[in-house]
Amino acid sequence: MKIAFVGKGGSGKSTLTALFIKHLLKHNKQILAIDADINMHLADLLGIELDHSLNLSESKNVLTIKAHLAGNNPRIKKPSQIVKTTLPAKGSNLVFIKKTDSLLKQFSQNFGADNFFMHVGTYEQEDIGESCYHSSLAILESLLSHTITDDNHLLVTDMTAGTDAFAGSLHAQFDLIVMVVEPTQESTLVAKQYKALAEAANVKQFVTFLANKIEDEEDVLYLQSELGTEVIGEVPYSKEIKIQRRSGKSVFDLPVSVDQAFDRITTLAQKNRAEITTRLKLLIELHKKHVQADYIVSRHGNLLDQIDESFNYEGISY
(Lines of atoms letter the chains of each structure in order from A and count residues from 1; the text may use other names and numbers.)
(Lines give C-alpha, C1' and ligand atoms only; values in the text may rest on other atoms or scores of the structure.)
Protein backbone atom coordinates (compact mmCIF):
# COMPACT_ATOMS: atom_id res chain seq x y z
CA MET A 1 0.00 0.00 0.00
CA LYS A 2 1.04 3.58 -0.62
CA ILE A 3 -0.08 6.12 1.98
CA ALA A 4 0.67 9.86 2.18
CA PHE A 5 0.17 12.36 4.98
CA VAL A 6 -0.60 15.95 3.96
CA GLY A 7 -1.78 19.07 5.76
CA LYS A 8 -1.23 22.74 6.39
CA GLY A 9 2.24 23.64 7.59
CA GLY A 10 2.37 23.16 11.35
CA SER A 11 -0.61 20.80 11.43
CA GLY A 12 1.50 17.98 12.85
CA LYS A 13 1.55 15.83 9.71
CA SER A 14 5.25 14.95 10.04
CA THR A 15 4.80 13.86 13.65
CA LEU A 16 1.76 11.78 12.73
CA THR A 17 3.62 10.26 9.78
CA ALA A 18 6.34 9.10 12.18
CA LEU A 19 3.79 7.80 14.68
CA PHE A 20 1.97 5.91 11.93
CA ILE A 21 5.21 4.32 10.77
CA LYS A 22 5.93 3.22 14.36
CA HIS A 23 2.43 1.75 14.49
CA LEU A 24 3.11 -0.27 11.34
CA LEU A 25 6.43 -1.51 12.71
CA LYS A 26 4.61 -2.95 15.73
CA HIS A 27 2.65 -5.03 13.23
CA ASN A 28 5.84 -6.29 11.54
CA LYS A 29 5.29 -4.44 8.27
CA GLN A 30 8.21 -3.58 6.00
CA ILE A 31 8.32 0.15 5.36
CA LEU A 32 9.75 2.54 2.81
CA ALA A 33 9.41 5.95 4.46
CA ILE A 34 9.88 8.99 2.22
CA ASP A 35 10.24 12.59 3.37
CA ALA A 36 8.90 14.72 0.53
CA ASP A 37 8.49 17.90 2.56
CA ILE A 38 10.74 20.85 1.81
CA ASN A 39 11.15 21.22 5.58
CA MET A 40 12.74 17.87 6.33
CA HIS A 41 11.74 16.59 9.79
CA LEU A 42 10.84 12.93 9.28
CA ALA A 43 14.37 11.56 9.68
CA ASP A 44 14.73 13.31 13.03
CA LEU A 45 11.34 12.05 14.17
CA LEU A 46 12.37 8.49 13.29
CA GLY A 47 15.75 8.82 14.97
CA ILE A 48 17.69 8.73 11.68
CA GLU A 49 20.80 10.83 11.05
CA LEU A 50 20.09 12.33 7.64
CA ASP A 51 22.61 11.65 4.86
CA HIS A 52 22.30 14.68 2.56
CA SER A 53 24.30 12.99 -0.19
CA LEU A 54 21.25 10.77 -0.78
CA ASN A 55 18.90 13.65 -1.70
CA LEU A 56 16.72 12.17 -4.44
CA SER A 57 16.47 15.55 -6.18
CA GLU A 58 20.25 16.01 -6.39
CA SER A 59 21.01 16.31 -10.13
CA LYS A 60 23.43 13.39 -10.33
CA ASN A 61 21.11 11.23 -8.24
CA VAL A 62 18.17 12.05 -10.50
CA LEU A 63 20.11 10.86 -13.55
CA THR A 64 21.16 7.64 -11.83
CA ILE A 65 17.62 6.90 -10.65
CA LYS A 66 16.13 7.58 -14.09
CA ALA A 67 18.69 5.32 -15.76
CA HIS A 68 17.85 2.55 -13.31
CA LEU A 69 14.08 2.90 -13.75
CA ALA A 70 14.42 2.95 -17.54
CA GLY A 71 16.05 -0.48 -17.45
CA ASN A 72 15.47 -2.19 -20.79
CA ASN A 73 12.24 -0.37 -21.56
CA PRO A 74 12.36 0.12 -25.36
CA ARG A 75 9.96 3.06 -25.07
CA ILE A 76 12.65 5.07 -23.26
CA LYS A 77 15.35 6.11 -25.73
CA LYS A 78 17.45 7.81 -23.03
CA PRO A 79 17.00 8.31 -19.27
CA SER A 80 16.33 12.04 -19.62
CA GLN A 81 13.08 11.12 -21.38
CA ILE A 82 11.67 9.91 -18.08
CA VAL A 83 9.46 12.80 -17.04
CA LYS A 84 7.48 13.02 -13.82
CA THR A 85 4.44 11.25 -15.30
CA THR A 86 6.34 8.48 -17.11
CA LEU A 87 4.89 5.13 -16.06
CA PRO A 88 6.53 1.71 -15.97
CA ALA A 89 6.29 -0.52 -19.01
CA LYS A 90 7.69 -3.82 -20.21
CA GLY A 91 11.43 -3.76 -19.52
CA SER A 92 11.29 -1.12 -16.78
CA ASN A 93 13.08 -1.76 -13.52
CA LEU A 94 10.61 -1.78 -10.65
CA VAL A 95 11.39 -1.00 -7.01
CA PHE A 96 10.59 -3.55 -4.29
CA ILE A 97 10.69 -2.80 -0.57
CA LYS A 98 13.29 -5.37 0.41
CA LYS A 99 17.00 -5.52 1.22
CA THR A 100 17.99 -6.92 -2.16
CA ASP A 101 16.55 -4.01 -4.16
CA SER A 102 19.47 -2.27 -5.85
CA LEU A 103 17.93 1.22 -5.88
CA LEU A 104 17.14 1.08 -2.17
CA LYS A 105 20.68 -0.13 -1.50
CA GLN A 106 22.02 2.97 -3.22
CA PHE A 107 19.62 5.73 -2.17
CA SER A 108 18.01 4.75 1.13
CA GLN A 109 19.05 4.60 4.76
CA ASN A 110 18.08 1.65 6.93
CA PHE A 111 16.13 1.95 10.15
CA GLY A 112 14.93 -0.96 12.20
CA ALA A 113 15.44 -4.41 10.75
CA ASP A 114 14.22 -4.29 7.16
CA ASN A 115 12.94 -0.75 6.73
CA PHE A 116 14.15 2.03 4.49
CA PHE A 117 14.17 5.83 4.54
CA MET A 118 14.52 8.16 1.55
CA HIS A 119 14.23 11.93 1.26
CA VAL A 120 13.62 14.23 -1.68
CA GLY A 121 15.80 17.04 -0.37
CA THR A 122 15.34 20.76 0.02
CA TYR A 123 16.57 23.97 -1.57
CA GLU A 124 20.31 24.22 -2.00
CA GLN A 125 22.24 27.49 -2.36
CA GLU A 126 22.55 27.05 -6.12
CA ASP A 127 18.75 26.74 -6.41
CA ILE A 128 18.03 30.21 -5.02
CA GLY A 129 16.05 32.18 -7.60
CA GLU A 130 16.39 29.39 -10.14
CA SER A 131 13.84 26.69 -9.36
CA CYS A 132 10.75 25.77 -7.38
CA TYR A 133 10.24 22.73 -5.19
CA HIS A 134 7.79 21.21 -7.68
CA SER A 135 10.74 20.39 -9.95
CA SER A 136 12.39 18.54 -7.06
CA LEU A 137 9.26 16.43 -6.58
CA ALA A 138 9.36 15.16 -10.18
CA ILE A 139 11.76 12.33 -9.36
CA LEU A 140 9.51 11.32 -6.46
CA GLU A 141 6.61 10.89 -8.89
CA SER A 142 8.76 8.60 -11.04
CA LEU A 143 9.85 6.60 -8.02
CA LEU A 144 6.29 6.21 -6.74
CA SER A 145 4.90 4.92 -10.01
CA HIS A 146 7.71 2.35 -10.29
CA THR A 147 7.48 1.07 -6.68
CA ILE A 148 5.55 -2.11 -5.94
CA THR A 149 3.74 -2.49 -2.63
CA ASP A 150 1.32 -4.91 -1.02
CA ASP A 151 -0.36 -5.39 2.36
CA ASN A 152 2.95 -6.20 4.07
CA HIS A 153 5.27 -3.85 2.16
CA LEU A 154 4.13 -0.25 2.61
CA LEU A 155 5.35 3.06 1.26
CA VAL A 156 4.57 5.97 3.60
CA THR A 157 5.24 9.56 2.56
CA ASP A 158 5.37 12.80 4.50
CA MET A 159 4.18 15.08 1.72
CA THR A 160 4.61 18.79 1.11
CA ALA A 161 2.30 21.10 2.99
CA GLY A 162 -0.95 22.32 1.47
CA THR A 163 -2.28 21.39 -1.97
CA ASP A 164 1.02 20.98 -3.85
CA ALA A 165 0.17 17.35 -4.67
CA PHE A 166 -2.14 18.57 -7.42
CA ALA A 167 0.67 20.26 -9.35
CA GLY A 168 1.60 16.90 -10.89
CA SER A 169 0.52 13.29 -10.50
CA LEU A 170 1.12 12.92 -6.75
CA HIS A 171 -2.58 13.10 -5.91
CA ALA A 172 -3.16 9.92 -7.96
CA GLN A 173 -0.14 7.97 -6.72
CA PHE A 174 -1.47 6.80 -3.36
CA ASP A 175 -3.98 4.25 -2.13
CA LEU A 176 -4.81 6.74 0.61
CA ILE A 177 -3.99 10.37 1.30
CA VAL A 178 -4.47 11.34 4.94
CA MET A 179 -5.21 15.04 5.36
CA VAL A 180 -4.17 16.09 8.86
CA VAL A 181 -6.40 18.91 10.05
CA GLU A 182 -6.48 21.01 13.22
CA PRO A 183 -9.63 22.62 14.66
CA THR A 184 -8.69 26.06 13.30
CA GLN A 185 -10.05 28.17 10.47
CA GLU A 186 -6.68 28.22 8.69
CA SER A 187 -6.30 24.44 8.77
CA THR A 188 -9.87 23.69 7.70
CA LEU A 189 -9.55 26.14 4.80
CA VAL A 190 -6.61 24.15 3.40
CA ALA A 191 -8.49 20.89 4.01
CA LYS A 192 -11.56 22.16 2.16
CA GLN A 193 -9.39 23.29 -0.76
CA TYR A 194 -7.82 19.82 -0.83
CA LYS A 195 -11.23 18.18 -0.72
CA ALA A 196 -12.50 20.29 -3.64
CA LEU A 197 -9.42 19.55 -5.73
CA ALA A 198 -9.69 15.84 -4.93
CA GLU A 199 -13.28 15.84 -6.18
CA ALA A 200 -12.28 17.67 -9.37
CA ALA A 201 -9.41 15.22 -9.94
CA ASN A 202 -11.61 12.15 -9.34
CA VAL A 203 -9.58 10.98 -6.33
CA LYS A 204 -12.06 11.88 -3.59
CA GLN A 205 -12.34 8.21 -2.55
CA PHE A 206 -8.58 8.12 -1.89
CA VAL A 207 -8.62 11.01 0.62
CA THR A 208 -9.52 10.93 4.31
CA PHE A 209 -9.23 13.40 7.19
CA LEU A 210 -7.43 12.87 10.51
CA ALA A 211 -8.19 15.34 13.30
CA ASN A 212 -5.13 16.48 15.26
CA LYS A 213 -4.55 18.50 18.44
CA ILE A 214 -8.06 17.77 19.69
CA GLU A 215 -8.90 19.00 23.20
CA ASP A 216 -12.63 18.30 23.47
CA GLU A 217 -15.72 17.10 21.61
CA GLU A 218 -16.41 20.65 20.45
CA ASP A 219 -13.22 20.52 18.37
CA VAL A 220 -14.42 17.36 16.61
CA LEU A 221 -17.87 18.79 15.92
CA TYR A 222 -16.29 21.95 14.53
CA LEU A 223 -14.13 19.98 12.11
CA GLN A 224 -16.97 17.75 10.92
CA SER A 225 -19.17 20.79 10.39
CA GLU A 226 -16.50 22.65 8.42
CA LEU A 227 -15.42 19.64 6.35
CA GLY A 228 -18.89 18.26 5.74
CA THR A 229 -17.67 14.75 6.52
CA GLU A 230 -16.58 12.60 9.45
CA VAL A 231 -12.92 12.27 10.36
CA ILE A 232 -11.26 8.86 10.37
CA GLY A 233 -9.82 9.43 13.82
CA GLU A 234 -8.90 11.94 16.50
CA VAL A 235 -5.45 12.65 17.92
CA PRO A 236 -5.57 14.47 21.27
CA TYR A 237 -3.41 17.51 21.92
CA SER A 238 -0.26 16.29 23.70
CA LYS A 239 1.99 18.57 25.71
CA GLU A 240 4.35 15.61 26.15
CA ILE A 241 4.92 15.34 22.40
CA LYS A 242 5.56 19.09 22.28
CA ILE A 243 8.21 18.75 25.00
CA GLN A 244 9.78 15.74 23.26
CA ARG A 245 10.07 17.65 20.01
CA ARG A 246 11.63 20.67 21.70
CA SER A 247 14.34 18.42 23.10
CA GLY A 248 14.90 16.76 19.72
CA LYS A 249 13.73 13.35 20.87
CA SER A 250 12.03 10.84 18.60
CA VAL A 251 8.27 10.68 19.08
CA PHE A 252 6.85 7.21 19.47
CA ASP A 253 4.32 7.06 22.31
CA LEU A 254 0.63 7.36 21.48
CA PRO A 255 -2.69 6.55 23.17
CA VAL A 256 -4.80 3.52 22.27
CA SER A 257 -7.38 5.68 20.49
CA VAL A 258 -4.73 6.84 18.02
CA ASP A 259 -3.62 3.24 17.42
CA GLN A 260 -7.23 2.48 16.55
CA ALA A 261 -7.36 5.42 14.14
CA PHE A 262 -4.18 4.14 12.49
CA ASP A 263 -5.78 0.70 12.16
CA ARG A 264 -8.69 2.31 10.31
CA ILE A 265 -6.28 4.16 8.03
CA THR A 266 -4.50 0.92 7.18
CA THR A 267 -7.79 -0.90 6.55
CA LEU A 268 -9.06 1.86 4.26
CA ALA A 269 -5.81 1.95 2.30
CA GLN A 270 -5.98 -1.83 1.93
CA LYS A 271 -9.54 -1.54 0.62
CA ASN A 272 -8.56 1.23 -1.81
CA ARG A 273 -5.67 -0.83 -3.14
CA ALA A 274 -8.28 -2.85 -5.04
CA GLU A 275 -8.73 0.31 -7.14
CA ILE A 276 -5.12 0.26 -8.35
CA THR A 277 -6.23 -0.15 -11.97
CA THR A 278 -8.48 2.89 -11.59
CA ARG A 279 -5.52 4.93 -10.36
CA LEU A 280 -3.38 3.64 -13.22
CA LYS A 281 -5.95 4.94 -15.70
CA LEU A 282 -5.84 8.33 -13.98
CA LEU A 283 -2.04 8.33 -14.15
CA ILE A 284 -2.15 7.52 -17.86
CA GLU A 285 -4.45 10.47 -18.50
CA LEU A 286 -2.18 12.75 -16.47
CA HIS A 287 0.79 11.57 -18.54
CA LYS A 288 -1.04 12.30 -21.78
CA LYS A 289 -1.84 15.80 -20.56
CA HIS A 290 1.66 16.53 -19.27
CA VAL A 291 3.64 15.37 -22.29
CA GLN A 292 1.59 17.46 -24.70
CA ALA A 293 2.81 20.65 -23.04
CA ASP A 294 4.88 22.72 -25.47
CA TYR A 295 8.02 22.72 -23.33
CA ILE A 296 7.95 18.92 -23.04
CA VAL A 297 7.45 18.41 -26.77
CA SER A 298 10.23 20.87 -27.66
CA ARG A 299 12.64 19.24 -25.22
CA HIS A 300 11.83 15.54 -25.64
CA GLY A 301 9.61 15.15 -28.69
CA ASN A 302 6.55 12.91 -28.63
CA LEU A 303 6.37 10.95 -25.37
CA LEU A 304 2.84 9.65 -25.82
CA ASP A 305 4.28 6.36 -27.03
CA GLN A 306 5.74 5.75 -23.56
CA ILE A 307 2.36 4.38 -22.52
CA ASP A 308 2.29 0.59 -22.39
CA GLU A 309 -1.38 -0.38 -22.45
CA SER A 310 -0.49 -3.96 -21.49
CA PHE A 311 1.16 -2.96 -18.20
CA ASN A 312 -0.82 -3.69 -15.05
CA TYR A 313 0.26 -3.51 -11.40
CA GLU A 314 -2.11 -6.34 -10.47
CA GLY A 315 0.06 -8.96 -12.11
CA ILE A 316 3.13 -8.08 -10.03
CA SER A 317 3.79 -9.49 -6.57
CA TYR A 318 6.52 -10.17 -4.05
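1 is the number of the first residue of the sequence shown in UniProt numbering; add one for each residue after it.
Note that beta-carbon positions come from the ideal geometry of N, C-alpha and C, so glycine has one too.
Contact check, residue i vs residue j, beta carbons under 8 Å
i: T160; j: H290; result: no
i: P74; j: F311; result: no
i: L42; j: S14; result: yes
i: M179; j: V6; result: yes
i: residue 348; j: D158; result: One cannot answer for residue 348 here, as it falls past the ends of the chain, which runs 1 to 318.
i: Y237; j: I214; result: yes
i: L69; j: N93; result: yes
i: L16; j: L210; result: yes
i: T64; j: I97; result: no
i: G233; j: A269; result: no
i: Q306; j: I3; result: no
i: L221; j: T188; result: no
i: residue 351; j: N272; result: In the structure as shown, the chain starts at 1 and stops at 318, and residue 351 therefore has no counterpart that could be examined.
i: V235; j: N212; result: yes
i: S25; j: N152; result: According to the sequence displayed, residue 25 carries Leu and not Ser. No, the pair does not count as a contact, with Cβ atoms beyond the cut-off.
i: K192; j: L227; result: yes
i: G121; j: E58; result: yes
Among the options, the one whose alpha carbon lies nearest that of residue i
i: L282; options: H119, Q173, E186, L54; result: Q173
i: V156; options: A293, I97, G315, I31; result: I31
i: S145; options: S225, M40, K66; result: K66
i: A167; options: E186, K78, A201; result: A201
i: T147; options: V95, Q109, L104, E186; result: V95
i: Q106; options: A293, G112, H119; result: H119
i: G9; options: T163, D216, L154, D259; result: T163
i: V207; options: D216, I284, V181; result: V181
Bridge-paired residues (DSSP) for residue i
i: M118; result: I34
i: K2; result: L155
i: V95; result: T147
i: Q109; result: F117
i: I76; result: According to DSSP, which records beta bridges pairwise, I76 is partnered with nothing at all.
i: G7; result: V180
Terminal residues of the beta strand (DSSP E) in which residue i lies
i: A211; result: 207-214
i: L282; result: Careful: L282 lies outside any beta strand (DSSP E), inside the alpha helix (DSSP H) at 276-291.
i: E234; result: 233-236
i: I177; result: 176-181
N-terminal and C-terminal residue of the alpha helix (DSSP H) that residue i is part of
i: I65; result: 59-70
i: I21; result: 13-26
i: I296; result: 294-300
i: Q193; result: 185-200
i: R264; result: 256-272
i: A161; result: Neither: A161 is in no alpha helix (DSSP H) and is coded neither H nor E.
i: S225; result: 217-227
i: D44; result: 42-46
Discussion item. With three or more C-beta pairs closer than 8 Å as the rule, is the region 138-145 touching the region 72-87?
Written reply: Note that the region 72-87 touches the region 138-145; at least 3 beta-carbon pairs, one per stretch, sit closer than 8 Å.
Worksheet item: Hey, is the region 46-58 in contact with the region 273-288, meaning 3+ C-beta pairs nearer than 8 Å?
Response: No: the two stretches stay apart, fewer than three of their Cβ pairs being nearer than 8 Å.
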